[in-house]
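To convert a position in the sequence shown, counted from 1, into the working numbering, add 216.
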Amino acid sequence: MTGQSFDWMGRRIPFRTGESLAAALEAAGILTFGPDTLGQETRYFCGIGACQCCLLRVDGVVREACITPARAGMQVEALERRHD
Ligand code: FES
């Protein structure tokens, strides 16, 4: 794969310049972003940083996926690991 990408849970996700993490993940077919600290699935919802439904961990820092621009080489993961 060529072009810009970031890492989502071990998977390379391509993105276009200026695209948010949420938009890039959605374009890659990833519609939920894993469990939050209460075990609820996070996901893209309001798109303006208000609802906090799309929280992710980006390079170890909690961020809203809908308002965080994707950057090459970011390490993006769910807030919590799934315990199946
Ligand atoms: S979707 Fe509401 S804060 Fe991101």
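Glycine is no exception: its CB is placed at the ideal position from the N, C-alpha and C atoms.
Keep in mind that this is a model prediction, so the values were computed, not measured.
With 16 other Cβ atoms within 10 Å as the buried cut-off, status of I264 = exposed
Q.
Let's test the definition: count the other Cβ atoms within 10 Å of the Cβ of T342 and tell me whether it reaches 16, buried, or not, exposed.
A. The requested residue 342 does not occur in the structure, where the chain is confined to residues 217 to 300.
* Alpha carbon of Y260 to alpha carbon of G219, nearest angstrom -> 24 Å
Grab the span of the alpha helix (DSSP H) containing E296 for me, first residue to last. No alpha helix (DSSP H) contains E296, which DSSP labels as neither H nor E.
Just mark V274 as buried or exposed, buried being the case when its beta carbon has 16 or more other beta carbons within 10 Å. buried
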